[in-house]
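Count along the sequence shown from 1, then add 371; that gives the number in the numbering used here.
Ideal Cβ positions, reconstructed from N, Cα and C, are used throughout, including at glycine.
First the structure, in the form of structure tokens, and then the observations on it.
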Amino acid sequence: DVTGLQPATTYYYRFTAGSVISETGRTRTLPVGNVQQVKLGVFSCAAYPIGQFHVYNHASNRGDLDAAVMLGDYIYESGLSDAEQLAARAFGRAADPQGELHTLLDYRRRYQLYHNDADLRGLRRNMTIISVWDDHELINDIWRDGAGSHDPATEGSFAERRAAAVQAYHEWMPTRTGTDPLKIYRSF
Numbered sequence: 372d373v374t375g376l377q378p379a380t381t382y383y384y385r386f387t388a389g390s391v392i393s394e395t396g397r398t399r400t401l402p403v404g405n406v407q408q409v410k411l412g413v414f415s416c417a418a419y420p421i422g423q424f425h426v427y428n429h430a431s432n433r434g435d436l437d438a439a440v441m442l443g444d445y446i447y448e449s450g451l452s453d454a455e456q457l458a459a460r461a462f463g464r465a466a467d468p469q470g471e472l473h474t475l476l477d478y479r480r481r482y483q484l485y486h487n488d489a490d491l492r493g494l495r496r497n498m499t500i501i502s503v504w505d506d507h508e509l510i511n512d513i514w515r516d517g518a519g520s521h522d523p524a525t526e527g528s529f530a531e532r533r534a535a536a537v538q539a540y541h542e543w544m545p546t547r548t549g550t551d552p553l554k555i556y557r558s559f
């Protein structure tokens, strides 16, 4: 976390890794005190193979939004139906990996695929992101001790799969982790 930032202020930043320098990003701190207005772009249910990420580009180019709130289903961990596979091929947006996600590598590859999209990269480069997960970042229809679409007999340990999904989420999303990586809520 960067400290000493002023409220309601736009900042520009870059990252370096060895000799590689990232594109310049823009972020804006939230206002404090007696706040009269905060404008948020709100997003959910981002199915990469179906496309429609142009809304990210539109939001990032508005210039009047204080932050983007990702309300979940930022990725989909599931495989595609036959109709979704046809649409994905037509749009040139095949899923990677092709089927349902189970391992840390699977989840990492899906996030990497999503983040190759130019419109999503633009949003992440130009806006502060506040994110929480729903079920598809982890396992469809998840609850504390299982998930509707997880069969331990054929898909392995629920706890290991959930841990892999949670780790990948925290690796790819702007979150803060404490002692419990399953606790993702916070106040602003």
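Paired residues, beta bridge with residue i - DSSP
i: ARG561; result: Outside the displayed span of the chain (372 to 559) sits residue 561, for which this structure offers no information.
i: VAL391; result: ALA388
Contacting residues, own chain, Cβ-Cβ under 6 Å from residue i (five flanking each side not counted)
i: ALA418; result: TYR447
i: LEU484; result: ASP467
i: ALA518; result: ILE510, ASP512
i: GLU362; result: Examination of residue 362 is not possible in this model, given that the chain is present from 372 through 559 alone.
Nearest-angstrom beta carbon gap, residue j and residue i [assumed within contact, 8 Å]
i: GLU431; j: LEU494; result: The sequence shown places Ser at residue 431, not Glu. Indeed, because the Cβ distance is near 4 Å, the residues count as touching under 8 Å.
i: TYR384; j: GLY375; result: Wrong, their Cβ atoms sit about 14 Å apart, outside the cutoff.
i: TYR540; j: TRP514; result: That belief does not hold up - the Cβ atoms of TYR540 and TRP514 are roughly 17 Å apart, past 8 Å.
i: ALA388; j: PRO420; result: Not a contact, Cβ separation roughly 29 Å.
i: ASP437; j: VAL409; result: 5 Å
Three-state class that DSSP yields for residue i in the structure shown
i: ILE513; result: strand
i: VAL373; result: coil
i: GLY493; result: helix
i: LEU553; result: coil
i: VAL413; result: strand
i: ARG399; result: strand
i: ALA534; result: helix
Sequence-distant residues of the same chain with beta carbon closer than 8 Å to residue i, five excluded per side
i: PHE462; result: PRO420, ILE421, GLY422
i: GLU508; result: GLY443, ASP444, TYR445, ILE446, GLU448, ALA536, TYR540
- Which parts of the segment 426-473 are runs of the beta strand (DSSP E), unbroken and 3 residues or longer, counting only runs that do not cross its ends? 438-441
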